[in-house]
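Student:
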Amino acid sequence: MRMAATMTNNAFVREVTDSDVEDALRFGGKASGLAKMARAGIPIPPAFVIGVQGFHQFRANGGRIGEQLLVQVHNAIRGLEAQSGRLFGDKDRPLLISIRSGAPVSMPGMMDTVLNLGLTSASALTLAGGPGGSDFALDTWLRFWRMFADIVLGIDPAELMKAVKTPEATARKDLDQASFDALERTILAHIEREGEPVSADPTHQLHKTIEAVFRSWDSARAKAYRKHHGISDDLGTAVTIQTMVFGNADENSGSGVAFTRNPNDGRRALYGEYLIGRQGEDLVSGTHTPIDLSDSKALDPALREAFDKHSKTLEALYCDAVDIEFTVEAGSLYFLQVRPAKRTAAAAIKIAEDLVEEGAISRDAALARITPDQVRKVSRPAFDDEDLARANLVTQGLGSSPGHACGAAVLDADRAAERALAGDNVILLRPTTSPQDIRGMIAANGIITARGGALSHAAVVSRALDRPCIVGCDAIDVDLNNKTFTIAGKTYPEGEQISMDGSTGKVFAGVLKLKGAGAGLPALKHLLGWADEKSSASVWVSPKSSEELVESVNAGVRTGNVVSITDLIIAHGTITKFVELTAAIGRADAPASVANTIRSIVHDACSPAVAGASESPVWLRLPRVSSDRARRLIDNWEELPAGFFLPLGSSSYMQAILDGISAAADRKEVGVLIGGVSSVAEFAAFQQKAKRVGLSAGMVINNVMALDNILHFVDSGAPIWIDVADIVRTVCGFPIEVQQSLDVLDQYAKEALIPVNPFRTLPVYVSNLLAAATSAAERGMSVGVEGGGMPHEMLAKLHQMGFRRFSVPVGRRDELRFVLGRSDKE
Amino acid sequence: MTALSENEFLVLNGAHLKKMATAKELARAVGVGAAEAEAVLNAAADKGQLMVAEGKYLLLPDGTNAVHEFYKTAYGALRSNQSVLAWYERFETINDQFIKQVSEWQSADGDDRIQARLIKTVERLTKNIQELTPLIPRYQAYVDRFGASVALVDQGEKDYVCKPTLDSVHNVWFEFHEDILSVIGRPRDT
C-alpha cells in the first residue's frame, strides 16, 4: 500500500498505459505516442517512462540518479517482469529491455536507443539453447554491447567488435560457459582499456544508460539546437523503457512492415511484407522471401483480422495512412513503431482525396497535406492510349514506383548515365541495384530489376527519386558480360528499345508514345477543382506549339491560351525565313513580296493552333522586334531602322502579320496581344488596325509607363496581361540574363548586396506601381499576370494582392492551380 | 625554392585540399584573416605557385611541390610514429563507414534516421581527431568546421551534409582525409 501511494503522489515513473503519459510535455513524445496507442487498444510491448520530473531531480542531485528514482525504476521493472513472465538479470528467463530518450520535442544530439539490455554471459548461453539458437543469442548480446559502447560510453563499436573477434569465434564454435565468459571478459577489458568503468551487471548498465540519456540533454549539439529554436534548457527529457520482443524467437514469430494503404497508388488495402522467424533487418537486406501482406490469403487469419482492426484504429488516431513496424513473438502481435506512411506523389494525392471522402479531414487539410512537388510529379507524361492498346507485352514484374517511361535498355549504371547525358532516353535494366548504381538511376527514365521485392534497394530508391520502377522481373535473365538480356528464350542486345509501366509492372517492346502533362489521375482533377474553388483564380496556359495547345485543350483546360506567334513559327520550323523577312521588311526598299510571304508564314503557323483550340479562347502575342529574343535571332539587328523597334513603327510589317492571323482565324473569335506600348493613343491605333481585319485587341504591359496608364487601357475593355517579371527587371535595370538565372540573384541577396531577390519578394516600389492594376483586377476587370518568368511563390503573392488571372507554360499549370489554392488570402 | 612559412603553408594547403576556392573560403577554412590569406595567395601567384581563375585560386605544380615539401619537413617524424599510424588504421575503418552512410543517405532522400547515424560517425571522428591535436594543433580547425556544419544540419540545412559547393560535412571530411594522408606521407593521386 505504501508503494502505491508513492507511485501516485510523488511518482517520477509511470506505466505507459497511465493516461497522464499522453502529456508529451511531461513524458516525452515517444511515451505519449505509446500511451495513445495503448489507450486505443493497439498491442504494444509493456513499457514505462521516467518523466521529465526525474530529469529535474537528476539535475538537482548534481547529475546523479537519486535513491528515490532508483526505487521507482526498479519497482517498474518488477511490473515488466510480471507482465512478461521474465526476470531482469535472470540466468534462465532474462527480461530484455530497450531504453530510449524522449524529449517533448525530438532534437539532434540526444541519446539514441539502446536495445537488448539485460543479458549476461550466463543468460546469453541459455538463450543460445533456446529456439532462436546460438547465432540469435550472440547477435542479440553483441548488439547490446555495440550500442551500449557507442551510445552510453562513447567507444567506437567497430573497434570493440574487432577487439573481440577471436573470443567471439570461439564462443560461436564452443557454445559453453567458459567461452561465453571469456568473450564477456574481453569486452569488459577493451572498454576499460579505453578508460571507461564498466560492469557485466545489467542493473549497473541500466543506471548508466539512464544517466547517459539525461546527460545527453546537455550535449553541445542539443544545446545549440535548443538555442537556435528558442527551446528552454529547463524542459528536460524523459526516458522510455520497454520490453524487447523478438521476431526470431521461434517459428511462431516474425517481423515486418505494413502500410494501411498502398504507398504506391494510395488504394485502401493493406500492403507490406512479413518474414517468419526473422528480425526486421532481414527484410531490408532481401535475403529471405517475405510474405506479401496484400495477398489476403497469405497471412494467418487471426493476424489478418488483427491488422484490419488495428489499421482502422490507427488511421483514426493519426487522421492519415500510417506505416507500422511490427513483430510477432511466439504468436503474439506487437506494434513497435507507427508513423504517417511514406508514399509516392500519386498515393499522397489519392489518400488525401479519400480521407476527405471518408470525412476524416477537410478539403483545406487535404490541400495542405500535398506539396507542390508532388503535384508536379503526377502532372507528367503517360502512355498514349492507342499505342498502349497495340503494345506488345514482353513480361511483367512487380510495379514498385509508378510512372511511364521508355528508352534504350542499358545494363550498367555508368553506361546508362553516359547515354542519358548524350541525350538518349534510357531504362536501367539490372539484376539488382546497389548504392553504386545511384548515378545511373538518377539519369535513367526508369528502372527494372530482375530480382528483389517491394522493399529492395531499387524499389525504395526509385520511389525516393520518383523514377518508374519494376522489380522482381524474374523472367528477365541479364547477361552482364555479353551485354545482352533474355526474356522467354529470346535474347536482346543492350540498347534495345523498351517501354515500362511502373504501376502495373508491365514491360513492353519498343517505344510507346508519351502523352503530355496532367492527363489521367482523377484524384488530382478533384483536388485541383477544390484548389480552384478556393483561389477563384483562372490559370491560362501559354503553349509553345500547336500540338501542345491541342493536347492541353484535350486534357480539359477550360480557361484560355496566350500563345506567342514567334513560338508557333519556331515550332512550325519557319523561323529562319521569318527572321530574314523581318529584317528585310524593315528596310526602306523592301519589295511587296516580302509582306506576302510574312503573311503566309504567320497564317501557316497559327491556323492549326486556332483550329485545334475549339471552344477555348486563343490570344496570340505579336512578335516584338525590340525584344531580347529578337535581338538574338536577327543578324545585324542593330542595322534595322530605329523606328522599327517601336510597337507601331512599321505599318507594313504589322499589317502583314495581322493579315496572316486574320486569315488563320477564319471567322473564329481570335485576339491579338501587342507588347511594348506605353500610351493610350498608341493602343487605340492598334485596336483600330486589329478591328479592321476582324480581330479583338489586347495588350501585354511590360513597361512602367503603360502600367501608370492602366486604368485608361482597362476602360477600353481590352484584356490586359502584365508581364510582372519584365516590370521588375526594368525597374531594377537588370539584363534578361539575370532574370533567367534566379539563383545568381539569390546569391547576390545572400551577400547582402541587394536586400532581397526582387523576383521572389516584390519590391515595395513595384507593388505600389501595381496598385491600380490590382484594384482593377479586384473589380473583375480583365487584368491578368503573365507569369512565365516568375516563380510560383511570387505568383502566389500576386494572387494575395488581388490578381485572379494568370498565364504560365502548360507544364506549370497544375502546380500553379494547386499553389494558389493553398495560398491564404487573409 | 624557399620553404613555406607556417602561415603560407596553411593557406596554400587549403588551396591544395580544396582544389579551387576563393580567398574568403580559404581564409575561413584554415582560420586566418581574409586579408592575410589574400596576401599569401597573391605572393604565391607572383611566384608561379598558383593561378587565379574567376576569383578562385588553383595550385600549380610548383605550389603543390612546396606544400608536399612542407608536409615532409614538418611531419616527417610522425610518419614513423606508431600511435599516429595506428590512428590512421582506425580512421580507415570509420572512413569506410562514413562513405557507406553518405551513399545510403543519398539513396534514401536524406532520411532522418540515416542522417542521425551519419552525424554520429562525424562526431566519432571529431572525437578521434582530438587525440591528434597535441601533435598537429591546426587539426582543431577541422573539429570546429565539423561542429559548425553539423549544427547547420541539425537546424535542418540538409545541404550541409554533402553538397559539394558548401563547407558540408562530406567536404570537410574529404579535405581532412587528404590532409592526414599527406601527413603520413601517402598522398593520393588526384
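Chains D and Y supply the protein sequences, listed in that same order.
Sequential numbering of the first sequence, starting at 1, is according to the working numbering.
Sequential numbering of the second sequence, starting at 1, is according to the working numbering.
Even glycine gets a Cβ: it sits at the ideal position worked out from N, Cα and C.
DSSP puts D:Gly423 in a beta bridge; with which residues?
Tutor: In the first sequence, counting from the first residue as 1, residue 423 of chain D sits at position 423. The partner list for D:Gly423 (beta bridge, DSSP) is empty, contrary to what the question assumes.
Student: Are D:Asp234 and D:Leu524 closer than 8 angstroms when you measure CB to CB?
Tutor: For this step, residue 234 of chain D is matched to residue 234 along the first sequence. For this step, residue 524 of chain D is matched to residue 524 along the first sequence. No. Outside cutoff.
Student: Pull up the CB-CB distance for D:Ala571 and D:Ser652, whole angstroms please, since I reckon it's below 8 angstroms.
Tutor: Mapped onto the first sequence, residue 571 of chain D falls at position 571. Mapped onto the first sequence, residue 652 of chain D falls at position 652. Wrong, their Cβ atoms sit about 25 angstroms apart, outside the cutoff.
Student: Measuring only between beta-carbons, confirm whether D:Gly109 sits less than 8 angstroms from chain Y.
Tutor: Counting from one through the first sequence, the residue named residue 109 of chain D turns up at place 109. Yes, D:Gly109 lies at the interface with chain Y (some Cβ there is under 8 angstroms from its Cβ).
Student: Within 10 Å of its beta-carbon, does D:Thr576 have 16 or more other beta-carbons around it, so buried, or fewer, so exposed?
Tutor: Taking the first sequence and counting its residues from 1, the one referred to as residue 576 of chain D is at position 576. Exposed.
Student: Pick from D:Ile155, D:Ala330, D:Leu299 and D:Arg339: whose alpha carbon is nearest that of D:Pro315?
Tutor: Counted from its first residue, the first sequence places residue 315 of chain D at position 315. Sequence inspection shows Glu at residue 315 of chain D; the Pro mentioned does not correspond to that position. When each option's Cα is compared against that of D:Glu315, the closest is D:Arg339.
Student: Checking 8 angstroms against the spacing of the C-beta atoms, do D:Ile99 and D:Leu117 come in under that value?
Tutor: Here residue 99 of chain D corresponds to residue number 99 of the first sequence, with the count starting at 1. Here residue 117 of chain D corresponds to residue number 117 of the first sequence, with the count starting at 1. Yes, Cβ-Cβ distance for D:Ile99 and D:Leu117 is below 8 angstroms.
Student: Check the C-beta distance from Y:Val183 over to Y:Phe146 and give it rounded, since I have them as a contact under 8 angstroms.
Tutor: Position 183 of the second sequence, counted from the start, is the residue given in the question as residue 183 of chain Y. Position 146 of the second sequence, counted from the start, is the residue given in the question as residue 146 of chain Y. The pair is not a contact, with the Cβ atoms about 18 angstroms apart (cut-off 8 angstroms).
Student: Run down chain D in chain order and give the residues with a C-beta less than 9 angstroms from the C-beta of Y:Thr93.
Tutor: One-based indexing of the second sequence puts residue 93 of chain Y at position 93. Within chain D, the residues near Y:Thr93 are Asp156, Ala158, Glu159 and Lys162.
Student: When the cut-off is 8 angstroms and only beta carbons count, does Y:Asp211 lie next to chain D?
Tutor: Residue 211 of chain Y is absent from the structure shown; chain Y starts at 1 and stops at 190.
Student: Going along the chain, which residues of its own chain have a beta-carbon closer than 6 angstroms to the beta-carbon of D:Asp851, five neighbours each way excluded?
Tutor: Shown here, chain D extends from 1 to 826; a query on residue 851 of chain D therefore has no answer.
Student: Relative to chain Y, which residues along the stretch 215-227 of chain D have a C-beta separation below 8 angstroms, given in chain order?
Tutor: Listed by position, the residues of the stretch 215-227 of chain D near chain Y (Cβ gap below 8 angstroms) are Ala220, Arg221, Ala224 and Tyr225.
Student: Please check the pair D:Cys469 and D:Ser462, which I expect to be a contact at CB under 8 angstroms, by giving their CB distance rounded to whole angstroms.
Tutor: Against the first sequence, residue 469 of chain D aligns to sequence position 469. Against the first sequence, residue 462 of chain D aligns to sequence position 462. 3 angstroms between Cβ atoms; contact.
Student: My assumption, with CB atoms under 8 angstroms, is that D:Ser84 sits in contact with D:Glu184. Please give the rounded CB distance.
Tutor: Numbered from its first residue, the first sequence carries residue 84 of chain D at position 84. Numbered from its first residue, the first sequence carries residue 184 of chain D at position 184. Contact doesn't hold; Cβ gap of about 24 angstroms is too wide.
Student: Could you check the C-alpha separation between D:Tyr274 and Y:Asp111 for me, to the nearest Å?
Tutor: For the purposes of this step, residue 274 of chain D is taken as residue 274 along the first sequence, with counting starting at 1. For the purposes of this step, residue 111 of chain Y is taken as residue 111 along the second sequence, with counting starting at 1. Approximately 23 angstroms between the Cα atoms of the pair.
Student: Roughly how many whole angstroms lie between the Cα atoms of Y:Gly63 and D:Leu119?
Tutor: Against the second sequence, residue 63 of chain Y aligns to sequence position 63. Against the first sequence, residue 119 of chain D aligns to sequence position 119. So the alpha carbons of these two residues sit roughly 58 angstroms apart.
Student: For chain D, find out if any of its Cβ atoms is closer than 8 angstroms to the Cβ of Y:Arg145; answer yes or no.
Tutor: As a position in the second sequence, residue 145 of chain Y is number 145, starting the count at 1. No - not a single Cβ of chain D is within 8 angstroms of the one on Y:Arg145.
Student: Would you check if the distance between the CB atom of D:Ala149 and the CB atom of D:Ile191 is smaller than 8 angstroms?
Tutor: Locating residue 149 of chain D in the first sequence gives position 149, counting from the first residue. Locating residue 191 of chain D in the first sequence gives position 191, counting from the first residue. Taking 8 angstroms as the Cβ cut-off, D:Ala149 and D:Ile191 qualify as a contacting pair.
Student: Please list the segments of the alpha helix (DSSP H) lying wholly inside the stretch 279-358 of chain D, counting only runs of 4 or more residues, in order along the chain.
Tutor: Fully enclosed alpha helix (DSSP H) runs of 4 or longer: 281-285, 301-318 and 345-357.
Student: If you check the beta carbons only, do D:Arg363 and D:Ile351 fall under 8 angstroms apart?
Tutor: Taking the first sequence and counting its residues from 1, one reaches residue 363 of chain D at position 363. Taking the first sequence and counting its residues from 1, one reaches residue 351 of chain D at position 351. Going by C-beta atoms, D:Arg363 is not nearer than 8 angstroms to D:Ile351.
Student: Is it buried or exposed for Y:Ser275, if we count other Cβ within 10 angstroms and need 16 for buried?
Tutor: Residue 275 of chain Y lies beyond the residue range present for chain Y, which begins at 1 and ends at 190; the question has no answer from this structure.
Student: Quick check on D:Glu751: does DSSP put it in helix, strand or coil?
Tutor: One-based indexing of the first sequence puts residue 751 of chain D at position 751. Correct three-state label for D:Glu751: coil.
Student: Check the Cβ-Cβ distances between D:Ile187 and every residue of chain Y, and say whether any is below 8 angstroms.
Tutor: Position 187 of the first sequence, counted from the start, is the residue given in the question as residue 187 of chain D. By this cut-off, D:Ile187 is not an interface position.
Student: Evaluate D:Arg558 with the Cβ neighbour count: other Cβ atoms within 10 Å of its Cβ, from every protein chain shown; 16 or more gives buried, anything less gives exposed.
Tutor: In the first sequence, the residue the question calls residue 558 of chain D occupies position 558. D:Arg558 is exposed by the Cβ-count criterion.
Student: Nearest by alpha-carbon distance to D:Pro431: which of D:Cys319, D:Gly29, D:Leu411 and D:His229 is it?
Tutor: Stepping through the first sequence from its first residue, residue 431 of chain D is reached at position 431. Per the Cα distances, D:Leu411.
Student: Is there at least one Cβ from chain D nearer than 8 angstroms to Y:Asp167's Cβ?
Tutor: As a working note, residue 167 of chain Y is residue 167 in the second sequence. It does not: the Cβ of Y:Asp167 has no partner Cβ on chain D nearer than 8 angstroms.
Student: Would you say D:Val461 reaches chain Y, if we count a Cβ-Cβ gap shorter than 8 angstroms as a contact?
Tutor: Here the question's residue 461 of chain D lines up with position 461 in the first sequence. It does; some Cβ of chain Y falls within 8 angstroms.
Student: By the DSSP assignment, the alpha helix (DSSP H) with D:Ile191 in it spans what residues?
Tutor: Against the first sequence, residue 191 of chain D aligns to sequence position 191. Where D:Ile191 is concerned, the enclosing alpha helix (DSSP H) stretches over Gln177 to Arg193.
Student: Would you call Y:Ala3 buried or exposed, if buried means 16 or more other Cβ atoms sit within 10 Å of its Cβ?
Tutor: For the purposes of this step, residue 3 of chain Y is identified with residue 3 of the second sequence, where counting begins at 1. Exposed: under 16 other Cβ atoms inside 10 Å.
Student: With contact counted as at least three CB pairs below 8 angstroms, one residue from each stretch, are the stretch 84-98 of chain Y and the stretch 115-132 of chain Y in contact?
Tutor: Touching, per the Cβ criterion.
Student: Counting only beta-carbon separations shorter than 8 angstroms, does Y:Thr190 have a partner in chain D?
Tutor: For this step, residue 190 of chain Y is matched to residue 190 along the second sequence. Any answer about Y:Thr190 is weak, because its pLDDT of 36 lies below 50 and its placement is not dependable; what the coordinates show is given next. So no, Y:Thr190 is outside the interface.
Student: Tell me whether D:Lys490 sits in a helix, a strand or coil according to DSSP, three-state version.
Tutor: Locating residue 490 of chain D in the first sequence gives position 490, counting from the first residue. Three-state result, D:Lys490: strand.
Student: Excluding the 5 residues flanking D:Glu22 on each side, which residues of the same chain have their C-beta closer than 7 angstroms to its C-beta?
Tutor: Counted from its first residue, the first sequence places residue 22 of chain D at position 22. Same-chain partners within the cutoff: Ser32, Ala35 and Lys36.
Student: Using the three-state DSSP reduction, which class does D:Ser84 fall into: helix, strand or coil?
Tutor: As a working note, residue 84 of chain D is residue 84 in the first sequence. D:Ser84: helix per DSSP, three-state reduction.
Student: What would DSSP say about D:Trp637, mapped onto helix, strand or coil?
Tutor: As a position in the first sequence, residue 637 of chain D is number 637, starting the count at 1. Helix, per DSSP.
Student: Name the DSSP bridge partner or partners of D:Ala382?
Tutor: Indexing the first sequence from 1 puts residue 382 of chain D at position 382. Bridge partners of D:Ala382: D:Lys515.
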